[in-house]
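All letters in the sequence shown, in the order written, are residues 3 to 165 by the working numbering. Single-structure report; data block below.
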Amino acid sequence: MPDEQGTKRSALKTVTARLTGAEVLGREPALLFTARQVEEVLREAEVRPLPFAPDWLLGLCVWRRQTLPVLDPARLHGIRFVPARSLYMVVRVAEAGGGLLRCVLKVSDRVAASGLPRQAAAAETADSGLNPAFLKGLFAHEDALLLVPDLLPALRPPAAETV
3 MPDEQGTKRS ALKTVTARLT GAEVLGREPA LLFTARQVEE VLREAEVRPL
53 PFAPDWLLGL CVWRRQTLPV LDPARLHGIR FVPARSLYMV VRVAEAGGGL
103 LRCVLKVSDR VAASGLPRQA AAAETADSGL NPAFLKGLFA HEDALLLVPD
153 LLPALRPPAA ETV
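And the structure:
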């Protein structure tokens, strides 16, 4: 059945990036994005560290003549995760005013495109131990726990209050 934009629901595609070896609520966590959010998957990225940055901000890299922040989504949520092989995903992040930001995420080499997950039950964020400030949703699906990340707070942190 088409939605308001005329897109068939069955045509919606997703991209998952599993955090292999990690466990949250008894399941392997996987980041869930729409296919439109993921611009490119890179085998390598030359990451330049930033002094005094939080541990989840790995540094900056250049992609198509743009300087983008490189984030470690596992560290963002306090998950212990050391992949055997890493890939980097260039991800679009929409702002409320219609703006568009990009960042690069360091993920495992278990990245897959598929259709929209059918049998996913909402999971309680509070029970997960994950940082709720960086989550839009959390869903139990088969053997994985699907994390719908909210990367905007990491890319546009609130301005510090002046006294």
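We treat Cβ as the ideally placed atom computed from N, Cα and C, and that holds for glycine.
Just so you know, the alpha carbons of L44 and V92 end up roughly 8 Å apart. The beta carbon of F141 sits closer than 8 Å to the beta carbons of L34, P119, A122, A123, A124, A125, L147, L148, V150 from its chain, once the five residues preceding and following it are set aside; these are given in chain order. The beta carbon of T16 sits closer than 8 Å to the beta carbons of L34, F35, T36, A37, A115, S116, G117, L118, P119 from its chain, once the five residues preceding and following it are set aside; these are given in chain order.
The secondary-structure analysis by DSSP pairs K108 across a beta bridge with Y90.
Note on A47: 16 or more other CB atoms within 10 angstroms of its CB, so buried under the neighbour-count rule. Taking every protein chain shown into account, the CB of F83 has 16 or more other CB atoms within 10 angstroms, so this residue is buried.
For P75, the enclosing alpha helix (DSSP H) has its first and last residue at 75 to 78. In the DSSP secondary-structure assignment, W65 is bridged to Q68. The Cβ atoms of V106 and W65 sit closer than 8 Å to each other. Only residues of its own chain outside the window of five on either side were considered, and among them G131, L132, N133 have a CB closer than 8 Å to the CB of G80, listed in chain order. With contacts defined as CB atoms closer than 8 Å, L21 and D129 fail to qualify as a contacting pair. Its Cα nearest to that of A156, the residue L78 stands out among L78, E42, G101, G99. Your pair V113 and L137 does not check out as a contact, with CB atoms roughly 20 Å apart and the cut at 8 Å. Beta-bridge analysis with DSSP links R29 to V26.
If you ignore the 5 residues before and after H143, its C-beta comes within less than 6 Å of the C-beta of P119, A122, all in its own chain and listed in chain order.
Per DSSP, reduced to three states, the secondary structure at A156 is helical.
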